[in-house]
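With mature numbering (1 follows the signal peptide of the UniProt record, and there is no 0) applied, the sequence shown covers -33 to -1, 1 to 768.
First comes the structure, then the notes that go with it.
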Amino acid sequence: MFENNRVSRRALLAGAQAGVVLAFLNAGGAVYAQATGAESQSSDGQAVSSGDIVVTARRSDERLQDVPVAVTAFGSEALAERRISTESDLQIATPGLTVRSAVSSNQINYAIRGQSVDGFSFSSPAVTAYFNEVPTGGTSATSLFDLESIQVLKGPQGTLFGRNATGGAVLYAAKRPDEEFGGYVKGGYGNFNNVEVEGAINIPLTDGIAVRFSGRSQTRDGFQHNLIDGNDINSIDAQIGRVSLLIAPSGSGFSNVTVFQRGQYGGSNGGLSVQNANGVNGAPATYVDPSDGLTKPLVTAMRDLHGPDALGAGQGSSTDPRVNALYNGIGDYLTKRQAGLADGFYDVSINRDQRHRADQVFLSNTTSYELSDTATIKNIFGYNKVVSEDNLDVDGSPYEFFGAQGGPDQEKWGKTYSGNGYIFGTKQWSNELQLSGEIGALKYIVGGFISQEKTWSYIPVTIAPDLGLPYLGSYDSTSNDKSKALYAQLTYALTDRLNLTGGLRYTWENVGIRFNPGSASDPKLLGALNSTKVKDSKPSWLVSLDYKVTDDLLLYFNQRGSWRTGGFNGTSGASFPNPDFFKPETTYDFEVGAKYAGLLGSIPARVNLAVYDQYIKNVQRTIYLNNAALAGNANKARVSGAELDGNFTLADGFDVGGAFSYTDARYTDNRALVGGQGFFFGPYADAPKYTGSAFARASTEFGDAGEVALRGEVYAQSHFFYSNLNNTVLPGTRIGGYKLINVRAEWNEMFGSKVSAAFYVNNLTKEKYYTGGIALGQVTGSNSTTPGAPRMYGFELSAKF
């Protein structure tokens, strides 16, 4: 099954079972989700108080250890214990998941098993995010609070979670109202003047009707210092509120949950830091072209990018000496920086104020009705709108080749937005109707799905604003993606321990792009852009076999297929006058796994292992060329790997554990066509080969004084690349591995009250590391990276009522 080491499916299953035994000796810990406190039975019938983890990976409530899917899950207590309040916090808690900040600290994307989406890409995400079972779009970072659970599903999930989920899905579920009055308040303060306030209140109104109000506010000063204007950047200013209504009359079999959420985000983006420039301070100035074996020059000046007189006679071309002065300035700056004579690690010298503004409106309505004891009909409606405005410096240097600035204010979707920066907006609605139930030994779920997503992208263009050159125009486009799907998934119990599952989903896509009036007004650089659309349709499928060897041990095999929709590039330009359609990405995989929950000797243990092999065709990747960010397709790739997690209760009040992920991602046919140009991809971007974490938590009760607990966690990952062309035209795009240590001390239910306190330190050892980057070597001749957060510490005080 693996390259140069072909083994049978039977051997893989045996290896997975053997891996469980090895895991007992070597594993780190599993993560907790929603523990119900139910007891399980070991193979000799002894009760094990390990608690059940309930997940919805197959669109119904099931025990984690009974679900033949690789999934990591966290319940509300685990989220608080691990201090998971942003998407980026999930990476440390979930090895194998990469949350990348490429263009800015407020624009994120997920990567699982090598499947991701690049910054500024017009490709759809390969990992789909769901909130209350509603697929959500937008790349702006948000705040996580008052959640019932977070689940990270790994591998293609196309049957139940739709096209585009070729890498996996991340499921967020808000806490539902219930019939008990109560709630909580929490406040905290930390370094960088970090102030957090959060709370929720649950109010039962009458029998079967309850409402829940919750909200969160956070402000924090920036931890980066801009030496040009003297301001601190990478700051936070976020306010978000949510109201949920439950209508579920007792004994009616009817349930309706409506959730409305509004979030407003400000502060400033983090600043990129230029790391290298072609031909500067030892960096290569040439590369070997794999197509002909010839040595060719890399981009080293703006004249190489845009051609003579592209900006007007003598301006921005080889006849304009100021252009070389700009590039020579970057070279001098890099030389001093790399010698330690300019800028500290968290200092930047950038030309923009990094302003960030984002507004989110979300609505979900979930209605279900029990038709009988064995059949339920369910409808899920969702609406989501996110618009972000960002005034960004994307080259990370004090010498600005390209500026997204100078545009007029924009009227869109009933609001006025500043044209002096990037604007990205997503407006979508969806509706899904399901019928699920059981008929004897058969469990089924069938359904239909429909959605429409409009994505607005506005990028004003000024070339070399440091030279005083004028505003040239904008890339201003709206993409429209209409999707319809029908699906069914059936699980048949062949015996009381052996289950066979089959699933099929068929999706119809209608994708178009419209360039708004005034787009691309400069014909030499931006050119005329043509609106267009295309239709496509493809299946997704699942075949699965799971076998309960004992009450404690589950073995499974999955074979899945899915696809990611194609689309159009909204920043084509004069070099690419048509919005160059990139093809759909298709994938299929094989996965074997084992899940154990029982006793290891006398130690309660939970261990999960997955081994997979995934094949991808027409891999969607983005390259930055001339003034455009262009998505295209690499011919073929293959991603193989293994994921292991475990948790062990060594003694009452003492848990240890961890997780490990191995990812071998490579192109098996590295020829790529992007913007009509041929490339030969090299390293597989956003795919560190090794990631892992380990933790220990000790707690003890002091009678009426309450519980005291101490938790320590270490996370580490190996190096990765933020460009697929590090081997040719984009050298210097490697990010080194790093490790982070987090600790947390808690004093829970102090003196018999419902008041708890905690002190935390993240990045205890002040590790200096990078979380991503943007490879502009084909645009500006340089590449830049985004630094990770420094040591953060603070305290929290919370009370339940």
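A virtual CB, placed ideally from N, CA and C, is assigned to each residue, including glycine.
{"query": "Own chain partners of ALA141 with C-beta closer than 7 angstroms, once the 5 adjacent residues on each side are dropped", "result": "ASN99, ASP113, LEU114, GLU115, ARG209, SER211, VAL226"}
{"query": "Residues that DSSP places opposite ALA712 in a beta bridge", "result": "LEU677, PHE726"}
{"query": "CB-CB length for ALA596 against SER88, believed under 8 angstroms", "result": "7 angstroms"}
{"query": "Proximal residues to LYS584 (C-beta, below 6 angstroms), its chain only, five neighbours per side dropped", "result": "THR553, LYS603"}
{"query": "contact_flag[the stretch 626 to 633, the stretch 657 to 668] where n(CB pairs < 8 angstroms) is 3 or more", "result": "yes"}
{"query": "Three-way DSSP call (helix, strand, coil) for LEU609 in this model", "result": "In the sequence on display, residue 609 carries Ala and not Leu. The answer is strand: DSSP assigns ALA609 an E or B state."}
{"query": "Strand pairing of ASP192, partner residues [DSSP]", "result": "Just to set this straight, residue 192 is His in the shown sequence, not Asp. According to DSSP, HIS192 bridges with ASP199, ASP314."}
{"query": "Check whether THR538 and TYR438 have beta carbons under 7 angstroms apart", "result": "no"}
{"query": "For ASN398, the residue or residues it bridges with in DSSP", "result": "PHE348, ILE417"}
{"query": "Identity of the residue in VAL681, THR732, LEU567, THR499 nearest ARG481 by Cα", "result": "THR499"}
{"query": "Closest Cα partner of VAL315 within the set ASP357, GLY349, ILE347, GLY363", "result": "GLY363"}
{"query": "Cβ-Cβ separation, ASN236 to THR334 (assumed contact under 8 angstroms), whole Å", "result": "No, THR334 and ASN236 are not in contact; Cβ-Cβ is about 39 angstroms, not under 8 angstroms."}
{"query": "DSSP state of GLY154 mapped onto helix, strand, coil", "result": "strand"}
{"query": "LYS410 to ASP56 span [Cα, whole Å]", "result": "36 angstroms"}
{"query": "Rounded separation between GLY414 and TYR454 - CA only", "result": "5 angstroms"}
{"query": "C-beta contact flag for ASN477 and LYS515 at 7 angstroms", "result": "no"}
{"query": "ASP503, enclosing beta strand (DSSP E) - first and last residue", "result": "499 to 515"}
{"query": "Close-in-space but distant-in-sequence residues of the same chain around ARG49 (CB under 6 angstroms, 5 per side omitted)", "result": "ALA60"}
{"query": "Span separating the alpha-carbon of TYR563 from that of ASN466", "result": "17 angstroms"}
{"query": "For GLY670, the three-state DSSP class (helix, strand or coil)", "result": "helix"}
{"query": "Distance, TYR523 Cα to GLY218 Cα", "result": "37 angstroms"}
{"query": "For THR133, the nearest candidate out of TYR736, ALA661, TYR582 (CA to CA)", "result": "TYR582"}
{"query": "Where the beta strand (DSSP E) containing THR445 begins and where it ends", "result": "440 to 460"}
{"query": "Under 7 angstroms between C-beta atoms of GLY599 and ALA69", "result": "no"}
{"query": "Within 7 angstroms, strictly: CB atoms of GLY149 and GLU763", "result": "no"}
{"query": "Straight-line Cα distance separating ASP145 from residue 769", "result": "Residue 769 is absent from the structure shown; the chain starts at -33 and stops at 768."}
{"query": "Secondary structure, beta strand (DSSP E): runs of 3+ residues fully inside the stretch 40 to 87", "result": "64 to 71, 74 to 79"}
{"query": "Start and end residues, beta strand (DSSP E) containing GLY135", "result": "135 to 141"}
{"query": "Cα-Cα separation, TYR555 to ASN637", "result": "18 angstroms"}
{"query": "Whether GLY230 touches ILE207 by CB criterion (7 angstroms)", "result": "yes"}
{"query": "Limits of the alpha helix (DSSP H) - the one that THR126 falls within", "result": "125 to 128"}
{"query": "Whether ASP204 touches GLY233 by CB criterion (7 angstroms)", "result": "yes"}
{"query": "Identified DSSP bridge partners for ASP113", "result": "DSSP, once it has assigned bridges, lists no residue as partnering ASP113."}
{"query": "Unbroken stretches of the beta strand (DSSP E), 3 residues or longer, contained in the stretch 598 to 644", "result": "621 to 641"}
{"query": "Whole-angstrom C-beta distance between THR445 and THR422, which should lie under 8 angstroms", "result": "7 angstroms"}
{"query": "Candidates SER184, VAL84, ASP33, ARG130: closest to THR53 by CA position", "result": "SER184"}
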